[in-house]
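Single-structure report; data block below.
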Amino acid sequence: MPSLHRRTILALSCLVAIASPGCGLVDLIDGDPVATVRFFATHAGTYTSDGYPNYGDAQTTRVFYNDTGWQIALSEARITTASVHFVRCEQQKGTAIEMFWGPCPEAFVTTDDLASVPLGAVTVNDGAYCTIDVNFGPYIPPEGADEHIVGGGDWIEGNTLVIRGVARRGEPPMIEEVPFEIVSDASVMAHVDISKLETGLPVRLEKENFARDLTIIKTYDTFFDGLDFTTATPADIEASVLTALERDTKAYDGTFDFD
Numbered sequence: 175m176p177s178l179h180r181r182t183i184l185a186l187s188c189l190v191a192i193a194s195p196g197c198g199l200v201d202l203i204d205g206d207p208v209a210t211v212r213f214f215a216t217h218a219g220t221y222t223s224d225g226y227p228n229y230g231d232a233q234t235t236r237v238f239y240n241d242t243g244w245q246i247a248l249s250e251a252r253i254t255t256a257s258v259h260f261v262r263c264e265q266q267k268g269t270a271i272e273m274f275w276g277p278c279p280e281a282f283v284t285t286d287d288l289a290s291v292p293l294g295a296v297t298v299n300d301g302a303y304c305t306i307d308v309n310f311g312p313y314i315p316p317e318g319a320d321e322h323i324v325g326g327g328d329w330i331e332g333n334t335l336v337i338r339g340v341a342r343r344g345e346p347p348m349i350e351e352v353p354f355e356i357v358s359d360a361s362v363m364a365h366v367d368i369s370k371l372e373t374g375l376p377v378r379l380e381k382e383n384f385a386r387d388l389t390i391i392k393t394y395d396t397f398f399d400g401l402d403f404t405t406a407t408p409a410d411i412e413a414s415v416l417t418a419l420e421r422d423t424k425a426y427d428g429t430f431d432f433d
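Going from the sequence shown to my numbering is simple: count from 1 and add 174.
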């Protein structure tokens, strides 16, 4: 974990401050009522009626199966959230949130699933919001800024994702084993639907006394769906991951706090 320098301390102070009444949550002077929304990032498997699956704890390989029967063991996974926009219902373009430390190169394997990473915040007019536009793009640290709170590294800098693992199929002694590594600077946009997030309705901001929290969830156990690793090329695997990010990124009303 990097030391907490000035920019980090300011961002964490903002997280605390905007959770208090009167900090961007009341009407502007003689203006429209506004609310502050804080955004967090996390990762998990596909949610079912039994909840989120347990594929492994922090600092352990994540192990799961794709839909073609391959067992996937992820030893490394980093994906960069480059920017986020909060979009009102019936509008095409949203308001960009302020990313506290710039693009977020979230680490999947070194942290627990559902661990919330602060991304940033935005103050917007009250109303109904239907979409979160999440841009996954290259990790380019802001010039002169402190290292991101989740840490960086030469191998993720300039890239959108870094994924390493092994795919296995079969039983001993006939196990097929295919190592893979994907490093990509391609960008993809996920239009995350929140039109039914709040008890079947859009996220509605109205006379909020405290900041609202929304968490963006990357569903990683669908990254390799449809792939047969005996024939899949690195380009096929990259395309599969990018497609899953676009299709399967979800949102949660609140944060995941198990303390």
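Note that CB positions come from ideal geometry on N, CA and C, so glycine has one too.
Item	Value
Beta-carbon separation (whole angstroms), Lys424 vs Thr393, contact threshold 8 angstroms	6 angstroms
Collapsed DSSP secondary structure at Val415 in the structure displayed	helix
Short Cβ contact (7 angstroms threshold) for Val211 with Val308	no
Nearest-angstrom Cα separation, counted from Arg343 out to Gly243	7 angstroms
Cβ neighbour criterion (16 or more within 10 Å) applied to Tyr221	exposed
Thr429 versus Met348 - alpha carbon distance	44 angstroms
DSSP state of Ala409 mapped onto helix, strand, coil	helix
CB-CB length for Ser361 against Phe310, believed under 8 angstroms	6 angstroms
Beta carbon of Pro312 nearer than 7 angstroms to that of Asn299	no
Where Tyr226 falls: helix, strand or coil (DSSP)	coil
Start and end residues, beta strand (DSSP E) containing Val363	The residue you asked about is not Val; residue 363 is Met in the sequence shown. Residues 362-367.
Limits of the unbroken beta strand (DSSP E) element including Tyr221	Run containing Tyr221: none; DSSP gives neither H nor E here.
Backbone secondary structure at Glu420 - three-state DSSP	helix
Whole beta strand (DSSP E) elements within the segment 326-382, 3-residue minimum	335-343, 350-358, 362-367, 377-379
According to DSSP, residues forming a beta bridge with His259	Ala270, Asp307
Close-in-space but distant-in-sequence residues of the same chain around Leu416 (CB under 7 angstroms, 5 per side omitted)	Ala360, Val362
Distance, Val336 Cα to Ser358 Cα	7 angstroms
Backbone secondary structure at Asp395 - three-state DSSP	helix
Assigned secondary structure, Ser290 (DSSP; H/G/I helix, E/B strand, else coil)	coil
Spatial neighbours of Ala281 in its chain, beta-carbon cut-off 8 angstroms, leaving aside the 5 residues before and after	Ala251, Arg252, Val324, Gly325
Ala281: first and last residue of the uninterrupted beta strand (DSSP E) it sits in	278-281
For Gln265, the three-state DSSP class (helix, strand or coil)	coil
C-alpha distance - Asn383 paired with Val208, whole-angstrom precision	10 angstroms
Beta-carbon gap between Thr235 and Ala247 smaller than 7 angstroms	yes
Continuous beta strand (DSSP E) stretch holding Tyr313: start and end	Neither: Tyr313 is in no beta strand (DSSP E) and is coded neither H nor E.
As assigned by DSSP and simplified to three states, the class of Gly400	coil
Chain-order list of residues whose beta-carbon lies under 6 angstroms from that of Glu350 (same chain, five-residue window excluded)	Arg343, Gly344
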